[in-house]
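>
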Amino acid sequence: MKKIFIICILLLGVVLLQKEYVFQKHKTFKSRVFASENLIKTFDLGLHSAAASFMWINTRGELPFLSEGYQKFKNDFDVINSLDAKLSTPYAYTVMVLPTTQYEDRFNEATRIGGEGTQKAVPANWKIPFYTAVTYHLYLKDSQKAAYYFDIAGHTEDVPDTIRRFSLNYGIYPTERGKTIAIWKAIYKSSNEMSVKERAEKYIIHFTILDILQKNVEIYKKTYGTYPSDINDLILKKFISKIPEDPFGFTFQMYEGGVVGIRGE
Amino acid sequence: MLSIAKITFREAIRDRILYTILIFGILFALLTLFLAQLTVGDLAMVRSFGLAGIYIFGMIITIFLGSSVVYREIEKKTLYFVLSKPISRGRVIVGKFLGLLFAVALTTICMALIYLFIIAYEGGGIDVLGLVSILLQILEETLFIAMLILFSSFSTPLISTISSLLLLFVGHLLDTVVKSAEQIGGAIHQIFLYASYILPNLEKFNIRNLVIHDIGISFETLLVIIGYTILYIFIFLISAEAIFKKREL
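Line by line, the protein sequences give chains A and C.
Going by our numbering, the first residue of the first sequence is number 10, and it counts up by one from there.
Going by our numbering, the first residue of the second sequence is number 4, and it counts up by one from there.
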């Protein structure tokens with residue numbers, strides 16, 4: 010009986026020490042530092058990607074709680090990035106979550122990481138350019154950069170159809186279309202890359218077709234007093250000879266209120 | 004020679020510690036299923052963990068089995084019985100090498116099968132590039148077995164283990180060290196450069212950081228690596244035979 014009592018007391022001691030250990034660990038969590046890039050590279054037997062992945066699992070949990078500063082996360086991210094710059098998840102997750110921490114200085118950092126990830130991640134991940142574009146559009150109000158990254162997202166392999174349609178039609182609303190065409194004209198003029206120029210040309214054609222169709226719809230209304238119920242009514246009533254072919258393969262249709270848009274999924 | 008290989012193979016796969024390490028290896032491979040959840044299905048990360056696990060446990064098994072292969076026979080005096088037969092010491096060395104190679108390759112293949120299943124389960128299909136990476140790992144293990152037989156022919160298992168572990172780290176660091184020495188330049192750079200040509204440069208077997216991103220290597224590079232391994236195996240086995248022949252039992 011005496012021994013059982015002693016064992017119970019000892020067990021209580023164990024529980025209290027474990028509780029203290031958990032408390033201490035919690036207290037020291039924020040000062041936790043990862044080893045330097047060189048140290049990891051020395052001892053990881055060339056398993057850089059695995060080391061980077063392991064570090065990322067530990068680091069990503071910090072991202073939504075950066076109220077006390079961004080520097081520590083940035084240091085860890087830089088180490089992960091130097092171990093394997095091609096890993097897409099760290100870029101995608103950071104560019105998605107960092108701007109939502111609502112600190113203005115982090116918007117530029119998010120777009121920098123997004124830009125880097127768009128270039129380096131293998132295989133390309135649509136989330137990186139997509140959320141970079143979202144940051145440019147929502148937080149930095151830079152429509153030109155947003156259009157540029159939405160275009161990359163929309164052309165990434167394996168991009169979900171909804172995202173593709175959204176991305177390729179950024180700035181499609183009639184009130185924004187003039188501005189969007191101007192943006193793509195600016196991208197066309199400022200870029201030296203042939204692929205970017207070709208794509209810019211496609212966007213200009215895409216939005217110009219929509220503008221032409223919209224103008225004809227307005228003329229149709231003036232003539233007949235109502236909007237056409239179907240886009241093909243423009244051909245039937247000889248306003249246009251045919252519906253131009255869209256460079257992205259979308260088909261056009263009429264929406265409520267005489268708005269011309271692309272056909273839904 | 005083949006009967007020695009068979010006996011060595013049987014001895015190796017009967018070892019209980021081998022099974023313990025193998026079970027840990029398999030558990031680690033299964034752990035990647037859990038890690039896959041943490042990485043939100045990033046297949047590159049799942050592959051990196053899986054291939055790293057196969058590599059680490061594969062090398063542990065190789066070093067564990069290889070470090071005492073000849074020494075144990077001498078200590079137990081079973082080698083006297085073998086050498087009393089009309090068989091040369093060279094053939095004993097090659098038999099030991101082949102037996103160990105089969106055992107190590109078998110354990111690596113077991114872990115590889117589980118890895119392939121996990122990748123297919125996670126939606127990655129058949130990971131052909133991962134298989135190439137595992138093939139290169141088996142080549143690295145082959146080189147290591149030959150090296151361990153050399154060590155084991157003249158030193159104790161502890162020294163063999165420590166030496167092979169050191170060479171494992173050095174072998175993977177050579178490229179990085181040469182790059183760093185390049186910035187210093189001069190004689191230091193030259194020394195490290197020559198060392199990287201002479202010492203077993205193990206980074207060439209490591210394509211894990213590439214294959215997880217669906218980047219492969221050319222067939223020519225693969226042939227160079229195979230040639231490099233074969234030459235080193237001959238160097239180690241011939242040296243082991245020479246030492247073993249001179250050794251008084």
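Don't be surprised by glycine CBs; every beta carbon is placed ideally from N, CA and C.
Which same chain residues end up closer than 8 Å to Y236(A) when comparing Cβ atoms and leaving out the 5 residues on each side of it in sequence?
Counting from 1 along the first sequence, the entry for residue 236(A) is found at position 227. Spatial neighbours of Y236(A) in its own chain (CB-CB distance under 8 Å, excluding positions within 5 residues in sequence) are listed in chain order as V226, Y229, K230, M263, G266 and G267.
> Alpha carbon to alpha carbon, how far is S91(A) from I249(A)?
Within the first sequence, numbered from 1, the residue matching residue 91(A) stands at position 82. Within the first sequence, numbered from 1, the residue matching residue 249(A) stands at position 240. Cα to Cα, the separation comes out at about 57 Å.
> Can you tell which of G56(C), L109(C), S221(C) and G61(C) has the C-alpha that lies nearest to the C-alpha of L132(C)?
The residue labelled residue 132(C) in the question sits at position 129 within the second sequence. Closest by alpha carbon: S221(C).
> Quick one: complete alpha helix (DSSP H) runs, 4+ long, within the region 56-130 of chain C?
72-79, 81-86 and 92-124
> Tell me the residue span of the beta strand (DSSP E) that contains M263(A).
Your numbering for residue 263(A) matches position 254 in the first sequence. Unbroken beta strand (DSSP E) run through M263(A): F261 to Y264.
> Can the beta-carbon of L21(C) be found closer than 8 Å to that of L68(C)?
As a working note, residue 21(C) is residue 18 in the second sequence. As a working note, residue 68(C) is residue 65 in the second sequence. The beta carbons of L21(C) and L68(C) sit closer together than 8 Å.
> Given I180(C), which residues of its chain have a CB within under 6 Å of its CB, disregarding the five upstream and five downstream residues?
Numbered from 1 along the second sequence, position 177 holds the residue referred to as residue 180(C). Checking the sequence shown, residue 180(C) turns out to be Val, not Ile. Correct list, in chain order: F195.
> Quick check: the Cα distance between K247(A) and I240(A), rounded to an integer number of angstroms?
Position 238 of the first sequence, counted from the first residue, corresponds to residue 247(A). Position 231 of the first sequence, counted from the first residue, corresponds to residue 240(A). Between K247(A) and I240(A), the C-alpha separation is close to 12 Å.
> Just to confirm my understanding: we take N209(C), look at its own chain, exclude 5 residues before and 5 after, and list those with CB closer than 6 Å. What are they?
The residue labelled residue 209(C) in the question sits at position 206 within the second sequence. Contacts found: none.
> I'd like to know if P300(A) contacts chain C, where contact means its C-beta is closer than 8 Å to some C-beta of that chain.
Residue 300(A) lies beyond the range of chain A shown here (10 to 274); nothing can be said about it.
> Just the C-alpha distance for E210(A) and F257(A), rounded to the nearest angstrom, thanks.
As a position in the first sequence, residue 210(A) is number 201, starting the count at 1. As a position in the first sequence, residue 257(A) is number 248, starting the count at 1. The straight-line gap from Cα to Cα measures roughly 11 Å.
> Output, in chain order, the set of chain A residues within a Cβ distance shorter than 7 Å of F52(C).
Locating residue 52(C) in the second sequence gives position 49, where the first residue counts as 1. In chain order: A59 and S62.
> With a threshold of 8 Å between beta carbons, is H192(C) in contact with chain A?
What you label residue 192(C) is simply residue 189 of the second sequence in a count that begins at 1. Not closer than 8 Å to any Cβ of chain A, the Cβ of H192(C) fails to qualify, so no.
> Using a Cβ cut-off of 8 Å (strictly closer), state whether L96(A) contacts chain C.
Looking up residue 96(A) in the first sequence gives position 87. Cβ-Cβ to chain C under 8 Å: yes for L96(A).
> Flag this pair as touching only if the region 216-230 of chain C and the region 183-203 of chain C have three or more C-beta atom pairs under 8 Å; answer yes or no.
Cβ pair count under 8 Å is below three, so no.
> Got a sec, what are the start and stop residues for the alpha helix (DSSP H) G187(A) sits in?
Position 178 of the first sequence holds residue 187(A). That run of the alpha helix (DSSP H) goes P183 to S199.
> Mapping DSSP to helix, strand and coil, what is V181(C)?
Here the question's residue 181(C) lines up with position 178 in the second sequence. Three-state DSSP puts V181(C) in a helix.
> Distance cutoff 8 Å, beta carbons only. Does G126(A) sit that close to anything in chain C?
What you label residue 126(A) is simply residue 117 of the first sequence in a count that begins at 1. Answer no: the Cβ-Cβ gap between G126(A) and chain C never drops below 8 Å.
> Is the Cβ-Cβ distance between T11(C) and T145(C) less than 8 Å?
Here residue 11(C) corresponds to residue number 8 of the second sequence, with the count starting at 1. Here residue 145(C) corresponds to residue number 142 of the second sequence, with the count starting at 1. In this structure, the beta-carbon distance from T11(C) to T145(C) does not fall below 8 Å.
> Can you tell me whether DSSP reads V269(A) as helix, strand or coil?
What you label residue 269(A) is simply residue 260 of the first sequence in a count that begins at 1. In the structure shown, V269(A) sits in a strand (DSSP, three-state: E or B).
> For R173(A), which residues in the same chain have their Cβ closer than 6 Å to its Cβ, ignoring the five residues on either side in sequence?
Counting from one through the first sequence, the residue named residue 173(A) turns up at place 164. So the qualifying residues of the chain are G163.
> Is there a Cβ of chain C sitting closer than 8 Å to that of K194(A), yes or no?
For the purposes of this step, residue 194(A) is identified with residue 185 of the first sequence, where counting begins at 1. Answer no: the Cβ-Cβ gap between K194(A) and chain C never drops below 8 Å.
> Go through its chain and collect everything with a Cβ distance to A340(A)'s Cβ below 7 Å, but skip five positions before and after it.
Nothing about residue 340(A) can be read from this structure; chain A reaches only from 10 to 274.
> Could you confirm whether any beta carbon from chain C is found closer than 8 Å to the beta carbon of I66(A)?
Locating residue 66(A) in the first sequence gives position 57, counting from the first residue. Closer than 8 Å: yes.
> Check whether the region 78-94 of chain C touches the region 164-183 of chain C, taking contact to mean three or more Cβ pairs, one atom from each stretch, closer than 8 Å.
no
> For A243(C), which residues in the same chain have their Cβ closer than 7 Å to its Cβ, ignoring the five residues on either side in sequence?
Sequence index remark: in the second sequence, residue 243(C) carries index 240 (1-based). So the qualifying residues of the chain are I96, I152, L153 and S156.
> Sorted by chain position, which residues of the same chain lie with C-beta nearer than 7 Å to Y157(A)'s C-beta, five sequence neighbours on each side aside?
Here residue 157(A) corresponds to residue number 148 of the first sequence, with the count starting at 1. I196, listed in sequence order.
> Measure from the C-beta of L109(C) to each C-beta in chain A and report whether the shortest distance is under 8 Å.
For the purposes of this step, residue 109(C) is taken as residue 106 along the second sequence, with counting starting at 1. Not an interface residue.
> Can you name, in chain order, every residue of its own chain whose Cβ lies under 8 Å from the Cβ of I192(A), other than the five neighbours on each side?
Taking the first residue of the first sequence as position 1, residue 192(A) is located at position 183. Contacts found: S152, Q153, A156 and G180.
> Return the CA-CA distance between D130(C) and I66(A), expressed in angstroms with no decimal places.
In the second sequence, residue 130(C) corresponds to position 127, counting from 1. In the first sequence, residue 66(A) corresponds to position 57, counting from 1. The alpha-carbon atoms of D130(C) and I66(A) are separated by roughly 23 Å.
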